[in-house]
């Protein structure tokens with residue numbers, strides 16, 4: 001047994017023969033030498049990495065200018081394949097209308113003699129309106145039927161026929177299946193006899209389905225999914241004058257002014273479609289009045305004359321706003337309808353030549369002064385008493 005020690009000082013007991021022991025010690029020494037050399041190599045390698053590489057101050061040869069790489073061409077813009085809405089020429093609309101009339105001749109032949117012309121005229125106006133919508137919305141020109149919302153009271157403008165004749169022609173078109181209509185009912189505020197406004201149920205228009213490509217056995221038919229929930233706001237349209245009555249009035253005035261009995265066809269078709277197309281951006285004819293924004297109570301009274309300058313469509317709202325301001329001013333919020341009736345009769349008398357509104361303003365101003373001096377319990381009762389004593393009440397109510 002031989003006892004030997006390594007470089008770290010720990011004894012190692014070996015049971016090998018001497019020859020093998022010598023070879024083991026030689027292998028250990030070679031291993032230690034190799035480790036020392038490896039450590040030295042790593043130290044030199046670290047020092048060489050930390051030193052900066054030498055950079056010559058002057059280049060031995062001029063730098064080679066590399067060619068500028070050619071930019072790859074940009075991919076072409078992909079044109080969408082969807083149909084872009086655009087307005088088609090008017091000639092196309094007229095040609096399609098004439099083609100629809102030709103296809104519908106078999107249906108017109110089923111009508112009784114003498115009504116073909118009026119039915120053809122009304123059908124042509126409805127078809128032209130439908131094809132105009134098709135062109136404006138970018139829909140397919142090969143549709144067999146088309147549904148849109150309109151007001152049939154505007155048909156006399158587009159056809160130059162009377163309202164009764166248009167209604168009878170529509171009835172004939174329904175019988176032969178070229179047209180199918182369904183009324184749309186809504187609730188709107190209408191003035192009553194005493195000047196107040198009450199909501200009433202009324203017909204706001206009709207949904208029309210027009211058969212564009214008539215053939216034997218085909219009929220126009222409205223499905224539930226074709227009917228929209230609220231195609232128009234009747235109260236807002238009445239305020240802006242966007243009604244069939246206003247359209248017929250404007251056309252009649254233009255007819256008298258220009259001495260012409262035939263209205264423009266474009267005006268009639270546009271009138272049929274004004275409730276289907278987007279609502280036009282229009283500024284209100286009457287701005288925000290000082291009836292509800294006045295700081296001085298006297299301003300509320302003297303600004304009542306602004307009601308006379310409003311349009312007939314907006315006059316009801318102006319009277320209601322003024323009545324609300326008066327009820328708040330005279331501490332009587334539950335009598336808004338009473339002040340509405342008062343102002344309504346005063347405005348009606350003004351248009352009949354009786355200066356009722358100015359006398360009402362003087363009475364209201366006197367009651368305001370009385371309220372500042374000796375506040376009464378019921379200012380509204382004092383107003384009624386003053387109006388009756390001055391004779392205003394009997395004169396205005398008799399005129400109304």
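In UniProt numbering, the protein residues as written are 1 to 400. All C-beta atoms, glycine included, are put in the ideal place defined by N, C-alpha and C.
- request: Scan the stretch 294-334 and note each continuous alpha helix (DSSP H) run of 4 residues or more that stays entirely inside, going in chain order.
  value: 297-302 and 312-329
Original post:
On the three-state DSSP scale, how would you describe residue 245?
Top reply: helix
- Taking just the CA atoms, how far does residue 306 sit from residue 324? 15 Å
Practice task
Could you confirm whether any beta carbon from chain B is found closer than 8 Å to the beta carbon of residue 42?
Solution key: Looking at the structure shown, chain B is missing, and only one protein chain is on hand.
Between residue 200 and residue 93, what straight-line distance do the alpha-carbon atoms span, to the nearest angstrom? 39 Å
Assigned secondary structure, residue 40 (DSSP; H/G/I helix, E/B strand, else coil): helix
Checklist entry - Quick one: Cα of residue 153 to Cα of residue 114, how far? => result 23 Å
Checklist entry - So, is residue 107 buried or exposed, given that buried needs 16 or more other C-beta atoms within 10 angstroms? => result buried
Q: Please report the Cβ distance between residue 356 and residue 396, rounded to the nearest whole angstrom; I am assuming they are in contact, meaning their Cβ atoms lie under 8 Å.
A: 5 Å
Margin query: So, under 8 Å CB-CB, residue 226 and residue 127 are touching, yes? Tell me the CB distance rounded to an integer number of Å.
Written below: Rounded, the Cβ-Cβ distance is 17 Å, inconsistent with contact.
Check the DSSP bridge columns for residue 191 and list the partner residues they point to. 197
*Can you name the start and end residues of the beta strand (DSSP E) that residue 454 belongs to?*
For the chain, the structure presents residues 1 to 400; residue 454 sits outside this window and is missing.
>> By DSSP's criteria, residue 180 is part of a beta bridge. Which residues make up the other side?
In response: 209
Item to check | residue 186 in three-state terms, based on DSSP | outcome: strand
Subject >> Given residue 333 as reference, the closest of 320, 98 and 235 once Cα atoms are compared >> reply: 320
- Nearest-angstrom beta carbon gap, residue 151 and residue 248 [assumed within contact, 8 Å]: No, residue 248 and residue 151 are not in contact; Cβ-Cβ is about 11 Å, not under 8 Å.
Q) Among the residues of its own chain, which have a CB less than 7 Å from the CB of residue 297, if the five just before and after it don't count? A) 329 and 368
Check your understanding: How long is the line joining the alpha carbons of residue 380 and residue 206, rounded to whole angstroms?
Key -> 46 Å
Hey, would you say residue 169 sits closer than 8 Å to residue 122, going by beta carbons? yes
Are there 16 or more other CB atoms within 10 angstroms of the CB of residue 131, so buried, or fewer, so exposed? buried
query: Among 376, 241, 371 and 270, which residue has its Cα nearest to the Cα of residue 310?
result: 241
TODO: State yes or no: is the C-beta of residue 343 within less than 8 Å of the C-beta of residue 327?
DONE: no
### Task
Give me the Cβ distance between residue 348 and residue 387, rounded to the nearest whole Å; I'm assuming they're in contact under 8 Å.
Contact doesn't hold; Cβ gap of about 15 Å is too wide.
* Asked: Can you name, in chain order, every residue of its own chain whose Cβ lies under 8 Å from the Cβ of residue 316, other than the five neighbours on each side?
  -> 189, 191 and 197
Note down, in chain order, each residue of its chain lying with its Cβ closer than 6 Å to the Cβ of residue 110, except the 5 sequence neighbours on either side. 176
So what's residue 374 in DSSP terms, helix, strand or just coil?
coil
- Message: Does residue 88 come out as helix, strand or coil in the three-state DSSP assignment?
- Response: Unreliable placement is indicated for residue 88, whose pLDDT of 47 sits below 50; no coordinate value is reported for it.
inquiry  = Buried or exposed, going by whether 16 or more other CB atoms sit within 10 Å of the CB of residue 22?
reply    = exposed
key: Distance between residue 136 and residue 104 (C-alpha atoms, nearest Å)   = 24 Å
Span separating the alpha-carbon of residue 371 from that of residue 383 | 11 Å
Can you find the residues in the same chain that come closer than 8 Å, C-beta to C-beta, to residue 308, ignoring five residues on each side of it along the sequence? 347, 350 and 357
Beta-carbon contacts of residue 140 that lie in its chain and below 6 Å, excluding the five residues immediately before and after
none
**Asked** Does the distance from the CB of residue 180 to the CB of residue 133 come in under 8 Å?
**Response** no
- Message: Which of the three DSSP states is assigned to residue 147 in this structure?
- Response: strand
- Host alpha helix (DSSP H) of residue 156 (start-end): 155-159
Thinking residue 97 and residue 119 are a contact (beta carbons under 8 Å), I'd like their distance in whole angstroms, please.
Residue 97 to residue 119, Cβ: 15 Å. No contact.
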